[in-house]
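**Q** Residue 516, in the working numbering, is where the sequence shown stops; the numbers in between run on with no holes.
Got a structure for you, questions after.
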Amino acid sequence: MMRTEQHLRKDGHLHEECGVFGVYSPETADLAGLVYYGLFSLQHRGQESAGMVINDDGVFSVYRDVGLVNDVFTPERLQSLGSGNIAVGHVRYATTGSDNKRNVQPLIINHHKGRMALAHNGNLTNSMELRRQLEEKGSIFHTTTDSEVIAYIIVQERLRCGSIEAAVSAAMNRLEGAYSLVISSPSKVIAARDPHGFRPLCMGRRKDGMVVFASESCALDAVGAEFERDILPGEIVTVSSQGIHSDRSHCGQAARSLCVFEYIYFARPDSVIDGCSVCQARKRAGAFLAQAHPVEADVVIGVPDSGLDAALGYAEASGIPYAMGFTKNKYIGRTFISPTQEMRENGVNIKLNPIRSVVEGKRVVMIDDSIVRGTTCRRTIDLLRQAGAKEIHMRVSAPPFISECYYGTDIDDSEKLIANHHTVEEIAGIIGVDSLGYLSVADVVRLAGDKPGGFCTACFGGGYPTAIPSAGEKDRFENKIHAGKN
């Protein structure tokens, strides 16, 4: 993204990068409505743009635009996309490349062996190097995303390989970093997950024979598909008229490194990721916090939405009563605009408001998912004070952020992270709480319980699973274009 457009810096919250969705139907069907519901259920993963491609026997109908799913796809627009037997959809939050229309996915690539539509969730760490190689061979880029790099690498391999799935496999030998992909060729759907498994991807099946891929299982539920399994890290699954084929030749090539923030914040609580319920993982985080940071208090509350389940876990483990301490305005979207700086600073009052009868005169334990710069939680805490909270003890269901993320979460400037400049006690004073406790790194990797582990904790100082780019800015392609115009 361009620095002037980085939303982490605007609202103090973390954001996910994308959600992907794909369908293969054995018969021609009205897939646009199905994709719409799938993308709608993944809206939390990206609210800047949405797009879908309907493939009718190799004829691609596409519509993409900036905005929420409900705004981009009107009933008339959905009807105009027609029927088909393959579909790919995408919702986006920009972490590489700005949020303008040229970067909206799915991407469509034409080549002499056919067409390809690609939807990508994640971030490459070697995208600059690959893009330079492609440009030196004559490739012309139309976006500022690393997703287009992936698309060109796959097409380049497709010209040498006998099938699209073989091309994806060959491309995976060259790609580094995080990528969960859903791809349509003229006759196949391919789903692939990087060998580390940084980002989730799962598969389900409907009773009518449709095979569905999605970033999260909640999207399968939304379209009446039964969850079948997660795509394994390094796996390539191909669906065609010949059936379903799995290529696991890349599996086991790298240590499993699912982004642990999928459980803490990104995913919907009704999703199951790599065999673990997101809701249960968050409750487990709350229980760990209660054990590590006990306190005498009257009520436990959570900051909506991801703090609610952790608050339940804290309450159950501590024996302190749980209550809904905030009401959230569900009608305030990311496009909410305040006309003045003062109104922007007070915007949290519009989006979130404490319930006075729950907190007035009480010693309150407040659970939130993270502290990035401290500005947002400070305003939330001020609201609790104004509502009469006697004491506020903040517990955070993640460890402190101290390092950049190169895999798709918009943490890209360690100098802006409050934990790099202040102790826990100092942060407590800055944000105005009586005590502060974070989840430990040792506990965060236990969130999945007895399910297969292996998490990326790089943003908490846990070390990077891959080599990192020397020029790590998320807006590096954008900067390159602007530099070329000067």
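Glycine included, each C-beta is placed from N, C-alpha and C at the ideal position.
Just so we're clear, the structure is a prediction, and the values are computed from it rather than from any experiment.
DSSP state of Cys-281, grouped into three classes?
**A** If DSSP states are grouped into helix, strand and coil, Cys-281 belongs with coil.
**Q** Measure the C-alpha to C-alpha separation of Pro-499 and Leu-164 and round it to an integer number of angstroms.
**A** Pro-499 and Leu-164 have their alpha carbons spaced roughly 17 Å apart.
**Q** Measuring straight from C-alpha to C-alpha, what distance separates Arg-374 and Glu-326?
**A** Caution applies to Arg-374, whose pLDDT of 49 falls short of 50 and renders its modelled position unreliable; the model cannot decide the point.
**Q** Between the Cα of Asn-450 and the Cα atoms of Asp-260, Ser-470, Ile-401, Pro-351, which residue gives the shortest distance?
**A** With distances taken between Cα atoms, Asn-450 lies closest to Ile-401.
**Q** Let me check understanding here. Comparing Cα to Cα, which of Ala-149, Gly-144, Glu-206, Arg-122 lies closest to Glu-159?
**A** Nearest option by C-alpha distance: Glu-206.
**Q** Using a Cβ-Cβ cut-off of 6 Å (strictly less than) and excluding sequence neighbours within five positions of Glu-187, which residues of its own chain qualify?
**A** Taken in chain order, the residues that qualify are Ala-197, Ala-200, Ala-201.
**Q** State yes or no: is the C-beta of Phe-228 within less than 9 Å of the C-beta of Ala-208?
**A** Cβ distance < 9 Å, so Phe-228 and Ala-208 count as in contact.
**Q** For Gly-305, which residues from the same chain have a beta carbon less than 8 Å from its beta carbon, with the 5 sequence-adjacent residues on both sides left out?
**A** These residues qualify, in order along the chain: Asp-260, Ala-478, Lys-481, Pro-482.
**Q** Starting from Met-396, follow the alpha helix (DSSP H) in both directions and report where the run begins and ends.
**A** That residue, Met-396, is in no alpha helix (DSSP H); its beta strand (DSSP E) goes 393-398.
**Q** Where in the segment 173-198 do unbroken runs of the alpha helix (DSSP H), each at least 4 residues long, occur, reported from the N-terminal end onward?
**A** 176-188
**Q** If you compare alpha carbons, which of Asp-440, Leu-64, Asp-87 is closest to Asp-251?
**A** It is Leu-64.
**Q** Measure the C-alpha to C-alpha separation of Val-389 and Ile-331 and round it to an integer number of angstroms.
**A** 9 Å
**Q** Using a Cβ-Cβ cutoff of less than 7 Å, which residues in the same chain neighbour Asn-359 once the five nearest sequence positions on both sides are dropped?
**A** Ile-380, Lys-381
**Q** Please give the ranges of any beta strand (DSSP E) in the segment 54-103, keeping only runs that are unbroken, at least 3 residues long and fully inside the region.
**A** 79-86, 89-96
**Q** State whether the segment 55-63 contacts the segment 109-118, with contact taken as three or more CB pairs (one from each stretch) at a distance under 8 Å.
**A** yes
**Q** Is it buried or exposed, His-172, if we count other Cβ atoms within 10 angstroms and call 16 or more buried?
**A** Around the beta carbon of His-172, fewer than 16 other beta carbons sit within 10 angstroms, so the residue counts as exposed.
**Q** Less than 7 Å between C-beta atoms, sequence neighbours within five positions excluded: which residues of the same chain meet that for Ser-444?
**A** Ile-432, Ser-433, Glu-434, Asn-450
**Q** By how many angstroms is the C-alpha of Cys-289 removed from the C-alpha of His-226?
**A** 10 Å
**Q** Rounded to whole angstroms, what's the CA-CA distance from Val-302 to Cys-248? Just pull it up for me.
**A** 8 Å
**Q** Reducing DSSP to helix, strand and coil, say where Gln-371 ends up.
**A** Any reading at Gln-371 needs caution, since the residue's pLDDT is 47, under 50, leaving its predicted position unreliable; the model's value is listed next. Three-state DSSP puts Gln-371 in a helix.
**Q** Could you give the distance in angstroms between the alpha-carbon of Ser-169 and the alpha-carbon of Gly-462?
**A** One C-alpha to the other measures close to 53 Å.
**Q** Name the DSSP beta bridge partners of Gly-207, please?
**A** Leu-154
**Q** Within the continuous beta strand (DSSP E) that includes Leu-382, where are the two ends?
**A** 382-384
**Q** Going by the CB atoms, is the gap between Ile-274 and Gly-52 shorter than 9 Å?
**A** no
**Q** Compare the beta carbon distance of Leu-469 and Ile-457 with 9 Å and say whether it is the shorter of the two.
**A** no
**Q** Classify Ser-279: buried if its beta carbon has 16 or more other beta carbons within 10 angstroms, exposed otherwise.
**A** exposed
**Q** Just to confirm the assignment, what range does the beta strand (DSSP E) spanning Gly-114 have?
**A** Element bounds for Gly-114: 114-122.
**Q** Distance check for Gly-81 and Ile-238, CA to CA, integer angstroms please.
**A** The residue you asked about is not Ile; residue 238 is Asp in the sequence shown. Spanning the two alpha carbons is a distance of roughly 25 Å.
**Q** Return the residue from the list Gly-492, Thr-406, Leu-72 that minimises the CA-CA distance to Val-4.
**A** This structure gives no information on residue 4, because the portion of the chain shown stretches from 31 to 516.
**Q** Taking the straight line between their C-alpha atoms, what separation do you get for Gly-49 and Gln-77?
**A** Cα to Cα, Gly-49 sits roughly 10 Å from Gln-77.
**Q** Contact check, Val-134 vs Val-96 under 8 Å by CB: the rounded distance?
**A** 7 Å
**Q** Based on Cα-Cα distance, which residue from Ile-460, Thr-439, Arg-408 lies nearest to Phe-490?
**A** Thr-439
**Q** How about Ala-419 and Arg-393: do their beta carbons lie closer than 9 Å?
**A** yes
**Q** Can you tell me whether Ala-497 is buried or exposed? The criterion is at least 16 other CB atoms within 10 Å of its CB, across all chains shown.
**A** Exposed: under 16 other Cβ atoms inside 10 Å.
**Q** Taking DSSP as the reference, what is the three-state secondary structure of Ala-497?
**A** coil
**Q** Give me the Cα-Cα distance between Ser-336 and Gly-68, rounded to the nearest whole angstrom.
**A** 21 Å
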